[in-house]
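Numbering (my numbering), first residue to last: 413 to 485.
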């Protein structure tokens, strides 16, 4: 991995935050309000999450598992 475990944790946290925002945007309006959710905003959030997931999946350079704790000594 090119990135540290801590970096991976941060990236997954950002993905979680974006997923929560996506959920809120998608469910912003109740059916009885007759309003539509923002399709473009939802699609943009989905694309961001997928791009981040893909960058994590493609992080296969080397076989060392890096942690910031080892490099801060």
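Don't be surprised by glycine CBs; every beta carbon is placed ideally from N, CA and C.
Report the CB separation of residue i from residue j in whole angstroms; it is logged as a contact under 8 Å.
i           : j           : result
residue 450 : residue 437 : 6 Å
Rounded to whole angstroms, what's the CA-CA distance from residue i to residue j? Just pull it up for me.
i           : j           : result
residue 418 : residue 482 : 12 Å
residue 440 : residue 456 : 16 Å
residue 415 : residue 442 : 41 Å
residue 458 : residue 474 : 29 Å
residue 476 : residue 447 : 51 Å
residue 435 : residue 445 : 18 Å
Return helix, strand or coil for residue i, following the three-state DSSP convention.
i           : result
residue 477 : coil
residue 448 : coil
Report the residue from the options whose alpha carbon sits nearest the alpha carbon of residue i.
i           : options            : result
residue 423 : 463, 448, 476      : 463
residue 454 : 466, 467, 471, 432 : 432
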